[in-house]
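A.B. asks: If you count the sequence shown from 1, position 39 lands on 42 in the working numbering, and the numbers rise without skipping. Input: one structure, supplied below.
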Amino acid sequence: MKDYVPKTIQIVGVEDGVHYYEDGHFWMEVPGLLPEEEEEDESNYFSYISKPSKISFSTEPMKVYSTFSITEYDRRNEDVDPVAASAEYELEKRVEKMDVFPVELVKGSEGLGLSIIGMGVGADAGLEKLGIFVKTITANGAAAKDGRIQVNDQIIEVDGKSLVGVTQAYAASVLRNTSGLVKFSIGRERDPENSEVAQLIRQSLQADKEREERRQKALETEQQSDASTVQLTACQNATILLAGVGGLRDPTIARRKIRSLLEYLELADNARHMTPTLP
């Protein structure tokens, strides 16, 4: 590279003061700056004398070279969404500030033993460019037994596939399709417990807890309603059987009716003491 000498482009013609190069570009001379003229101060006000300036301007003619047109210099890439690219850039900058380390887990029949949540930037613009974080770790699962992955950690890569700036559905698909030895790249903030991500994950877990409590309460109400219906039906059937037993003369049939009556009464008692349980 030291011995490289740039090739001079030859001028192929001159017309009306315009010098044309062989590649189509050109240059021309235009007048330089006019010499400065001192203006006479006709006012009676005192004027300060400025200090001599270190900058001087040439009055010689200037060469003006052609440049690319707006169309020729259009460097826009229509395939790149600037908003999406900005969102991905913000996520990548966040990763650069983390402590990044590798983790290898063996995925067994019970899976990896962790759940994820996606958080990111650009949501207000309708984007889903997310960072994927560990939301919960299942007790006795692969992640819990290994102990290195913690809640609030960011999953940067799984088996060489980046999970930075992706959708949560894509991240879940990548994790679901792993098998055997799974290689993670994990990022952890310097103060993970007090980070913004940790606060959002705690809020999400609290919302999940409240939603589960509402579901359980609705289920208990439904089961209590079903139990009341069963108890009422059993009592109605027992009343009918009791009324029928009094008019029977055949002792065998009477015993069958009485046995059915006792079964209905036992069913009603069980329904009354039923304890709702989640499936």
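Every residue gets a Cβ at the ideal spot worked out from N, C-alpha and C, and that includes glycine.
Should the segment 181-188 be regarded as contacting the segment 149-165, the criterion being three or more beta carbon pairs within less than 8 angstroms?
C.D. replies: yes
A.B. asks: Please report how far the alpha carbon of Ile140 lies from the alpha carbon of Ala88, in whole angstroms.
C.D. replies: 32 angstroms
A.B. asks: Have a look at the DSSP bridge pairing and note the partners of Met122.
C.D. replies: DSSP, once it has assigned bridges, lists Gly134 as partnering Met122.
A.B. asks: Pull the bridge partners of Ser188 from the DSSP assignment, please.
C.D. replies: Pro105, Glu160
A.B. asks: Do the segment 26-40 and the segment 56-70 meet, that is, are 3 or more Cβ pairs less than 8 angstroms apart?
C.D. replies: When C-beta atoms of the segment 26-40 are compared with those of the segment 56-70, three or more pairs fall below 8 angstroms, so the two segments count as touching.
A.B. asks: Using a Cβ-Cβ cutoff of less than 8 angstroms, which residues in the same chain neighbour Ser207 once the five nearest sequence positions on both sides are dropped?
C.D. replies: Answer for Ser207: Ile120, Lys138, listed in chain order.
A.B. asks: Mapping the DSSP letters down to three states, classify Val200 as helix, strand or coil.
C.D. replies: helix
A.B. asks: Start and end of the alpha helix (DSSP H) containing Glu99?
C.D. replies: Where Glu99 is concerned, the enclosing alpha helix (DSSP H) stretches over 85-99.
A.B. asks: Going by other Cβ atoms of all chains shown within 10 Å of its Cβ, with 16 needed for buried, is Ile12 buried or exposed?
C.D. replies: Exposed, by the Cβ-count rule.
A.B. asks: Excluding sequence positions up to five away, which residues of its chain have a Cβ less than 8 angstroms from the Cβ of Thr181?
C.D. replies: Excluding sequence neighbours, Thr181 sits near Lys110, Leu115, Val161, Asp162.
A.B. asks: Between the C-alpha atoms of Glu213 and Arg205, what's the straight-line distance to the nearest angstrom?
C.D. replies: 12 angstroms
A.B. asks: Relative to the alpha-carbon of Thr170, which residue among Leu94, Ser112, Gly190, Ala147 has its alpha-carbon at the smallest distance?
C.D. replies: Taking only the C-alpha atoms, the option nearest Thr170 is Leu94.
A.B. asks: Buried or exposed: where does Asp156 fall if 16 or more other Cβ atoms within 10 Å of its Cβ makes it buried?
C.D. replies: Asp156 is buried by the Cβ-count criterion.
A.B. asks: Suppose the cutoff is 7 angstroms on Cβ atoms and the five residues either side in sequence are ignored; what does the same chain contact list for Gly20 look like?
C.D. replies: Excluding positions up to five away in sequence, the list reads Met31, Glu32.
A.B. asks: Using a 10 Å radius around the Cβ and a threshold of 16 neighbouring Cβ atoms, would you call Ala145 buried or exposed?
C.D. replies: buried
A.B. asks: If you count every other CB in all the chains shown that lies within 10 Å of the CB of Val103, and 16 or more means buried, which is it?
C.D. replies: exposed
A.B. asks: Based on the DSSP output, what are the partners of Lys220 in its beta bridges?
C.D. replies: Answer by DSSP bridge pairing: none, since Lys220 is not bridged.
A.B. asks: If you count every other CB in all the chains shown that lies within 10 Å of the CB of Gly288, and 16 or more means buried, which is it?
C.D. replies: The chain is shown only over 4 to 282; residue 288 falls outside these bounds and no answer can be derived.
A.B. asks: Taking buried to mean at least 16 other C-beta atoms within 10 Å of its own C-beta, is Leu37 buried or exposed?
C.D. replies: exposed
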